[in-house]
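Read in order, the letters of the sequence shown are residues 1 to 75 in UniProt numbering.
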Amino acid sequence: MLGLYGGKDQGIPLDDVEEMKGALKKGKSGSDIVVFPEAGHAFHADYRPSYRKAEAEEGWKRLLDWYARHGSGRG
């Protein structure tokens, strides 16, 4: 699982993200949780005021890299 979160997302508390990150790390799931500190909710949605170009582009690169390493999970 790849999780891309905004550090300023008021709908998903950062404490919850950090707790999930720790639990996944303990389980050696191969998951990757990334927090973009200055981004809010839906920072990747270019049609919303919350869009953050740099974070969205970095998140997209991380997604492509994650799929290259882990596949789509199908098949």
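From the three backbone atoms N, C-alpha and C, an ideal C-beta is built for every residue, glycine too.
By the C-beta density criterion, GLU19 is exposed, having fewer than 16 other C-beta atoms within 10 angstroms. In the structure shown, the three-state DSSP call for ASP32 is strand. Taking a cut-off of 8 Å on C-beta distances, the region 51-60 does not touch the region 24-33, as fewer than three cross pairs fall below it. Going by beta carbons, SER29 and HIS41 fall outside the 8 Å limit. The alpha-carbon of PRO13 is positioned some 26 Å away from that of LEU64.
Here the alpha carbons of ARG48 and MET1 stand approximately 25 Å from one another. Distance between GLU58 and PHE43, taken at the CA atoms: about 11 Å.
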